[in-house]
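Below is one structure, written out as structure tokens; the observations come after it.
Protein chains: 2
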Amino acid sequence: MAQRKSSNCGLHLVNTDRDCNTCDLPKKCIGDGLDKTQSESISSLIKSRGPFQAGEPIFRMEEPFRSIFAIQSGSVKVASSLDDGTPLIHGFYFAGELVGIEAIGDTHYQNDAVALETTWICELPFDKIESLCIEIPKLQHEILELLGKRIRYTNSTIVRGRYLSADKRFLLFLNDLYQRKGTINANGDRVVTLPMTKGDIAIHLGLRPESLSRALSKLQEEGIIQNRSREIQILDENQEVFSCLWV
Amino acid sequence: MAQRKSSNCGLHLVNTDRDCNTCDLPKKCIGDGLDKTQSESISSLIKSRGPFQAGEPIFRMEEPFRSIFAIQSGSVKVASSLDDGTPLIHGFYFAGELVGIEAIGDTHYQNDAVALETTWICELPFDKIESLCIEIPKLQHEILELLGKRIRYTNSTIVRGRYLSADKRFLLFLNDLYQRKGTINANGDRVVTLPMTKGDIAIHLGLRPESLSRALSKLQEEGIIQNRSREIQILDENQEVFSCLWV
DNA sequence: CGACCTGTTGAACTCCGTCAAGGCGTGTGG
DNA sequence: CCACACGCCTTGACGGAGTTCAACAGGTCG
Numbered sequence: 000m001a002q003r004k005s006s007n008c009g010l011h012l013v014n015t016d017r018d019c020n021t022c023d024l025p026k027k028c029i030g031d032g033l034d035k036t037q038s039e040s041i042s043s044l045i046k047s048r049g050p051f052q053a054g055e056p057i058f059r060m061e062e063p064f065r066s067i068f069a070i071q072s073g074s075v076k077v078a079s080s081l082d083d084g085t086p087l088i089h090g091f092y093f094a095g096e097l098v099g100i101e102a103i104g105d106t107h108y109q110n111d112a113v114a115l116e117t118t119w120i121c122e123l124p125f126d127k128i129e130s131l132c133i134e135i136p137k138l139q140h141e142i143l144e145l146l147g148k149r150i151r152y153t154n155s156t157i158v159r160g161r162y163l164s165a166d167k168r169f170l171l172f173l174n175d176l177y178q179r180k181g182t183i184n185a186n187g188d189r190v191v192t193l194p195m196t197k198g199d200i201a202i203h204l205g206l207r208p209e210s211l212s213r214a215l216s217k218l219q220e221e222g223i224i225q226n227r228s229r230e231i232q233i234l235d236e237n238q239e240v241f242s243c244l245w246v
Numbered sequence: 000m001a002q003r004k005s006s007n008c009g010l011h012l013v014n015t016d017r018d019c020n021t022c023d024l025p026k027k028c029i030g031d032g033l034d035k036t037q038s039e040s041i042s043s044l045i046k047s048r049g050p051f052q053a054g055e056p057i058f059r060m061e062e063p064f065r066s067i068f069a070i071q072s073g074s075v076k077v078a079s080s081l082d083d084g085t086p087l088i089h090g091f092y093f094a095g096e097l098v099g100i101e102a103i104g105d106t107h108y109q110n111d112a113v114a115l116e117t118t119w120i121c122e123l124p125f126d127k128i129e130s131l132c133i134e135i136p137k138l139q140h141e142i143l144e145l146l147g148k149r150i151r152y153t154n155s156t157i158v159r160g161r162y163l164s165a166d167k168r169f170l171l172f173l174n175d176l177y178q179r180k181g182t183i184n185a186n187g188d189r190v191v192t193l194p195m196t197k198g199d200i201a202i203h204l205g206l207r208p209e210s211l212s213r214a215l216s217k218l219q220e221e222g223i224i225q226n227r228s229r230e231i232q233i234l235d236e237n238q239e240v241f242s243c244l245w246v
């Protein structure tokens, strides 16, 4: 059985102490800055669940919406499909981030949320959260902020991405991923470990697997990235890789 | 000076009595089902503004975020641009719908909201709305629902649309538009009047004007639509036009 | 070992973008 | 009233990026 990353399953979930300037995903812990009593009333709502193994669903499309989920450790993809079966991947989420908030205000989830690796989550019953928001205005503000950020995040990735070529679109994605979960290893290399398949990335970017593969080969030839099986290394020294995205 | 559509600028803004099954945009009036006192406390917050002429901004990118806006009459496009000036159009909004909610939780607007025709709006100061949510749980629920719907709307249009060819992408857009503001004229024709240019539609769909123009010509040749200058007529009798989108 | 999944590469094709020209409607000024 | 300019839309020809189809390599797991 997998080891829990943290025994505390309060809403102070995972404190990634990395600054995140460019990505708009909720990074701050829900409940930060609340007093002790308030924190405790939130903690009492939470159900810890896990471990989910790779491929196991956290929730499924058409299940009644009851809870949002905070990822404690691991990673999750949010997916659905067109009626002909064409798969759609709406996003990938990691420790400290929330899934299920797309369903707020609806009776059912519209997507599947599937673990990409061994994953622990905290379940937050949304009706309880909503009630608590009445008592804790600061919490209400955070939830609203979270939803706003999610809308903006989609705009800055999907909408922007549409106007970019395959390789730039991947760089936009890589940049986002690096901000959210990139690491610097012992050699000082800037790397991003990929819990999802390249096929999944391709779908998420609106590309075919072959097209992404070609884009990756091209970027590697150009010395911009090092393309390994489950890891991308960012070679460009001055991070000018990404400058092309903003020009 | 343009005639006001309604002298009541409460939050019961515009009651389009059309059912809207497929589109996920907020259609119901904020504040529906509240009691008289509650309605009045909302009404007291509202500032009516207008008329805005075509091309006039409701709010601009980089302005501090203070209010969300309910469209009373007319129509609005929400746009921004890439750093090289490439225009992006995030959406079009009509009477009874809200703009500015993408900025919730941020300090500034990230988009321009521009009137497409003579337009009246109601300004809702968001800090006041937020405070009122504490007192009126039902209002809080509606705001949350609204934000959730906006996220789902983006997923069902932009994200889905990426996987469709130019003509199907337009049909998806037309379908949405027809649900939201389509009319049946005296001849029984199902028509959608377009307050925006075809160029704007193209950009919104992630296409070039030329590509959209070709798609429209093709759809007209196939007898699916009638393409007029500022109006699209849907010819297909059994609405099977759109079935291809769900197959 | 063989089945299977994931990723890569090649070749032909397709759709959309690009560039260029022209038509149409509107508004302005002579 | 007409002439002209301008913005919007359309059409044609061409090229290129990405898709499609196919074959194959490498890893994992039974």
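The listed protein sequences correspond, in order, to chains A and B.
FYI, numbering that gives the first Met the number 0 numbers position 86 of the first sequence as 85, with every residue one higher than the one before it.
FYI, numbering that gives the first Met the number 0 numbers position 100 of the second sequence as 99, with every residue one higher than the one before it.
We put the beta carbon where it would ideally sit given N, CA and C, even for glycine.
Nothing here was measured: the structure is a model prediction, and the numbers come from that model.
Does Ile-265(A) come out as helix, strand or coil in the three-state DSSP assignment? Nothing in the structure corresponds to residue 265(A), since chain A is present only between 0 and 246.
Local Cβ density within 10 Å of His-89(A), reported as buried at 16 or more and exposed below that: buried
Under a CB-based cut-off of 9 Å, is Asp-105(B) close to chain A? yes
On the premise that Pro-50(B) lies in contact with Thr-118(B), defined as a C-beta separation below 8 Å, what is that separation, rounded to the nearest angstrom? 7 Å
Taking the beta carbon of Arg-227(A) as the centre, do at least 16 other beta carbons fall within 10 Å, making it buried, or is it exposed? exposed
Measuring alpha carbon to alpha carbon, tell me which residue in Ser-74(B), Cys-121(B), Thr-106(B) is nearest Tyr-92(B). Ser-74(B)
Nearest to Val-190(A) by CA position, among Asp-175(A), Leu-204(A), Ala-201(A), Asp-111(A), is which residue? Asp-175(A)
9 Å Cβ cutoff, Ala-114(B) in contact with chain A: no
What residue range is occupied by the uninterrupted alpha helix (DSSP H) comprising Asn-174(B)? 165-180
For a contact defined as C-beta to C-beta under 8 Å, what are the partners of Phe-162(B) on chain A? Note that residue 162(B) is Tyr in the sequence shown, not Phe. Under the 8 Å cutoff, chain A gives Leu-81, Thr-85, Leu-87, Gly-205.
Helix, strand or coil for Asn-226(B), going by three-state DSSP, please let me know. strand
Using the three-state DSSP reduction, which class does Ala-114(A) fall into: helix, strand or coil? strand
Chain A contact for Arg-65(B) (CB, 9 Å cutoff): no
Verify the CB distance criterion: does Asn-20(A) have a CB-CB separation below 9 Å to chain B? For Asn-20(A), the predicted structure reports a pLDDT of 38, less than 50, and the residue's modelled location is therefore unreliable. The matter cannot be settled from this model.
Keeping to the same chain, check which residues put their C-beta closer than 6 Å to that of Ala-112(A); ignore five residues upstream and five downstream. Ile-57, Phe-58, Val-75, Val-77, Val-98
Would a C-beta distance cut-off of 9 Å place Leu-143(B) and Glu-221(A) closer than the cut-off? no
Just list the residues that DSSP pairs Tyr-92(B) with in beta bridges. Val-75(B)
Looking at the secondary structure, which residues open and close the beta strand (DSSP E) in which Phe-51(A) lies? 46-51
Min CB distance Leu-234(B) to chain A below 9 Å: no
Would you mind stating whether Gly-147(A) and Glu-101(B) have Cβ atoms separated by less than 9 Å? yes
Local Cβ density within 10 Å of Ile-183(B), reported as buried at 16 or more and exposed below that: exposed
Note the first and the last residue of the continuous beta strand (DSSP E) segment covering Pro-63(B). No beta strand (DSSP E) contains Pro-63(B), which DSSP labels as neither H nor E.
Let's see if you can read the secondary structure: which residues bound the alpha helix (DSSP H) around Arg-149(A)? 136-153
Can you tell me whether Lys-110(B) is buried or exposed? The criterion is at least 16 other CB atoms within 10 Å of its CB, across all chains shown. The residue asked about is misnamed: residue 110(B) is Asn in this sequence, not Lys. Label assigned to Asn-110(B): buried.
If we ignore side chains and look at the alpha-carbon of each, how far apart do Thr-156(B) and Pro-136(B) end up? 30 Å
Chain A beta carbons: is any one of them nearer than 9 Å to that of Leu-143(B)? yes
Taking only beta-carbon atoms, is Ala-201(A) less than 9 Å away from chain B? no
Is DSSP giving Ala-69(B) helix, strand or coil here? strand
Please confirm whether Phe-125(B) and Ile-103(B) have their CB atoms less than 9 Å apart. yes
Which same chain residues end up closer than 7 Å to Glu-116(A) when comparing Cβ atoms and leaving out the 5 residues on each side of it in sequence? Ala-53, Gly-73, Ser-74, Pro-194
Option in Leu-145(B), Ile-231(B), Thr-36(B) with minimal Cα separation from Ile-67(B): Leu-145(B)
Chain-order list of residues whose beta-carbon lies under 7 Å from that of Asn-20(A) (same chain, five-residue window excluded): Confidence is the limiting factor: at Asn-20(A) the pLDDT is only 38, short of 50, which leaves the residue's position unreliable and the question unanswerable from this model.
So, with DSSP's three-state summary, where would you put Ile-233(B)? strand
How is the beta strand (DSSP E) around Arg-161(B) delimited, first residue to last? No beta strand (DSSP E) contains Arg-161(B), which DSSP labels as neither H nor E.
Does any residue of chain A have a CB that is nearer than 9 Å to the CB of Glu-39(B)? no
DSSP state of Leu-215(B), grouped into three classes? helix
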